[in-house]
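Take a look at the structure below.
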Amino acid sequence: MPKKTLKNCTVADAYLAVLADRGVDYLFANAGTDFAPLIEALAKAQALGTPIPEPITCPHENTAQHMAIGHYLVSGRPQMTMMHVNVGTANGMNGFLNAARGYIPMLFTAGRTPTNEHTLKGHRSLDIHWTQEMYDQAGMTREVAKWDYELRNGEQVADIVDRALSISMSEPRGPVYLSLPREVLALEMDEFSFDSPNRIQPASPPYPDPNALDEVASLLANAERPVMITNWGGRNPGVMAPLVELAETYAIPVVEYRNRYVAMPPRHPMHAGYNPNPYVEDADVIVVFDTVVPWLPSQVTPPDDCKVIHIASDPMYQMVPVRGFPADISLTCPADIAFRSLLPVMAEHASGAQEKIAIRRDKITAAHAELEEAWRSKLERERTQSPISPAYISHCLNNLRDPDTIMVKESPLMGQYVDIDRPGTMLNAGAASGLGHGMGVALGAQLAAPDKLVIGTEGDGAYMFNVPVSCHYVAAEQNLPILWVVFNNQHWQAVHRSTLGLEPDGYAAKANRQPLTHFTVEQHYEKAVEVSGGAGFR
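First residue of the sequence shown: 168, per the numbering used here; consecutive thereafter.
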């Protein structure tokens with residue numbers, strides 16, 4: 168097995184060399200005193216021309232985390248972040264939660280304050296090195312991390328990096344956490360060797376059980392009123408083509424419920440809109456893929472004799488403590504693999520159902536045409552509305568984009584007015600509803616696709632959560648020419664609607680302004696970008 172060898176190096180040197188060899192492009196970091204050995208190693212590598220992940224300075228941890236997410240969503244390669252000991256880890260938890268709930272791989276690392284008081288290289292040298300120590304720094308990540316560890320010595324660097332990345336990239340994918348004590352990073356080694364290429368690869372993805380797959384095909388072929396529902400199915404770029412073929416061939420409507428990506432082009436006649444309720448209450452077979460919540464049980468439930476099928480790398484969604492949706496069949500595999508596997512089996516089962524499928528196709532196509540007409544009518548009504556409506560902003564942004572433009576959504580952007588028909592061109596990484604994700608995701612996406620136009624859309628409340636000064640700084644430093652659009656409705660709309668839903672006739676509903684939901688001071692958000700030399704318009 169070929170090996171690479173470093174002479175007269177530190178553990179930090181070895182660590183960076185292994186990461187670069189394993190294909191990690193960037194180190195998105197917010198540094199502290201624990202970084203000293205790593206900063207020395209970065210400077211040494213830059214001076215000597217040694218391959219390392221490119222360091223990106225992020226003034227806030229939230230920016231770093233979501234840049235790593237955005238880069239992965241476009242490139243398909245996991246990236247790494249590094250924060251300052253416990254406080255940096257805490258600041259990075261919003262992004263870590265979004266990555267975990269979104270099944271997005273990431274190597275989240277943080278320094279570990281020195282434990283040695285004065286004898287070892289890298290020992291405590293500031294008063295904060297005592298107060299930053301915790302009994303279990305990684306504990307705050309452990310409920311959602313796929314794996315965590317603290318580096319013990321230089322000899323294990325390659326094994327630990329390889330294990331971290333392979334676990335992160337194995338299905339179901341997700342983030343991992345590694346803490347790095349300063350004394351360990353500063354350790355000197357006469358020689359360090361590691362395998363290249365890596366011999367610890369991610370596990371191959373699971374494939375559906377043939378018997379279960381056959382049962383699913385039989386149910387769909389014999390169904391009168393089937394429907395498919397997804398939330399984040401479009402995150403996997405391999406899903407769109409087989410999903411479209413399956414829906415088109417067998418006339419199965421697809422509902423994108425509170426979708427964060429686009430799995431089904433909104434102009435396709437089998438796209439059934441964004442509200443599952445009319446379909447759920449009448450369905451005889453429901454296929455739920457890549458969706459924790461396919462409908463709200465307080466609003467609608469399927470008929471008792473309806474068969475419900477779940478498809479995902481983890482169709483039980485073990486990360487969720489309470490989840491009571493029916494699951495007559497659960498296929499454990501990525502949705503793209505499921506659909507590609509299902510197509511030939513469906514052909515066998517549906518050979519005698521062509522007349523039924525044709526009738527259903529006409530009905531669904533007509534329903535889609537009605538949806539399109541309703542969308543057009545809404546747009547025409549609101550075209551001259553003041554202030555400008557989300558529908559019209561969405562329409563205008565659609566006119567700006569080309570088919571490869573990457574749209575990043577953390578706003579009321581309306582998907583029915585944005586003609587997405589290519590995988591990976593609509594991104595919404597807020598899987599844990601950790602607001603403040605959109606700007607970092609846009610930065611990471613632009614870094615991964617420098618030749619594409621990236622448009623980031625933010626609600627005004629979400630824009631503030633992004634720590635915009637940090638994001639605009641990174642955009643300027645890295646020459647990332649992103650168009651950001653802030654939808655300013657002067658309040659947190661989700662909180663407002665939630666209160667109305669709970670108490671529709673309550674005091675808050677009757678109030679001119681609900682407490683804690685509105686921004687009473689007029690904000691000139693366009694000024695924030697000017698701090699970093701950008702152009703802002705209102």
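The C-beta atom is built at its ideal place from N, Cα and C for all residues, glycine as well.
All figures in this text were calculated on a predicted structure; none of them were measured in a lab.
Residue i, DSSP secondary structure in three states
i, result
"residue 288", "coil"
"residue 252", "helix"
"residue 200", "helix"
"residue 704", "coil"
"residue 520", "coil"
"residue 277", "strand"
"residue 377", "helix"
"residue 171", "strand"
"residue 225", "coil"
"residue 602", "coil"
"residue 386", "helix"
"residue 574", "strand"
"residue 195", "strand"
"residue 270", "coil"
"residue 581", "coil"
"residue 532", "helix"
"residue 647", "coil"
CA-to-CA distance, residue j to residue i, given in whole angstroms
i, j, result
"residue 577", "residue 265", "13 Å"
"residue 381", "residue 406", "20 Å"
"residue 548", "residue 336", "47 Å"
"residue 325", "residue 497", "37 Å"
"residue 183", "residue 208", "8 Å"
"residue 216", "residue 536", "59 Å"
"residue 268", "residue 344", "15 Å"
"residue 390", "residue 419", "10 Å"
"residue 507", "residue 409", "6 Å"
"residue 656", "residue 425", "20 Å"
"residue 348", "residue 515", "59 Å"
"residue 477", "residue 387", "13 Å"
"residue 706", "residue 513", "This structure cannot settle anything about residue 706, because the visible part of the chain is limited to 168 through 705."
"residue 427", "residue 175", "48 Å"
"residue 742", "residue 662", "Within the shown structure, residues of the chain are numbered from 168 to 705, placing residue 742 beyond reach of any answer."
"residue 318", "residue 354", "12 Å"
"residue 236", "residue 611", "7 Å"
"residue 373", "residue 545", "44 Å"
"residue 706", "residue 278", "Lying before the first or after the last residue shown, residue 706 is absent from the chain, which here runs from 168 to 705."
"residue 685", "residue 294", "42 Å"
Terminal residues of the beta strand (DSSP E) in which residue i lies
i, result
"residue 651", "650–654"
"residue 452", "452–456"
"residue 394", "393–397"
"residue 359", "355–362"
"residue 217", "Taken as a continuous stretch (DSSP letters only), residue 217 belongs to no beta strand (DSSP E), as it is neither H nor E."
"residue 498", "496–499"
"residue 624", "621–626"
"residue 487", "No beta strand (DSSP E) holds residue 487; DSSP gives it neither H nor E."
"residue 715", "Residue 715 lies beyond the residue range present for the chain, which begins at 168 and ends at 705; the question has no answer from this structure."
"residue 316", "315–317"
Assigned exposure category for residue i - 16 Cβ within 10 Å defines buried
i, result
"residue 625", "buried"
"residue 437", "buried"
"residue 260", "buried"
"residue 195", "buried"
"residue 490", "exposed"
"residue 368", "exposed"
"residue 704", "exposed"
"residue 487", "exposed"
"residue 297", "exposed"
"residue 637", "buried"
"residue 232", "buried"
"residue 687", "exposed"
"residue 574", "buried"
"residue 210", "exposed"
"residue 313", "buried"
"residue 500", "buried"
"residue 640", "buried"
Extent of the continuous alpha helix (DSSP H) run through residue i
i, result
"residue 347", "Run containing residue 347: none in the alpha helix (DSSP H); it sits in the beta strand (DSSP E), 342–348."
"residue 301", "Per DSSP, residue 301 belongs to no alpha helix (DSSP H) and is neither H nor E."
"residue 662", "660–669"
"residue 694", "It is not in any alpha helix (DSSP H) - residue 694 carries neither H nor E in the DSSP assignment."
"residue 293", "Premise fails: residue 293 is in no alpha helix (DSSP H) and is neither H nor E."
"residue 641", "635–644"
"residue 562", "557–567"
"residue 178", "178–188"
"residue 676", "674–677"
Tell me the start and end of each unbroken beta strand (DSSP E) in the stretch 413–485 that is at least 3 residues and wholly inside, in chain order.
-> Whole beta strand (DSSP E) segments, 3+ residues: 421–423, 452–456 and 474–479.
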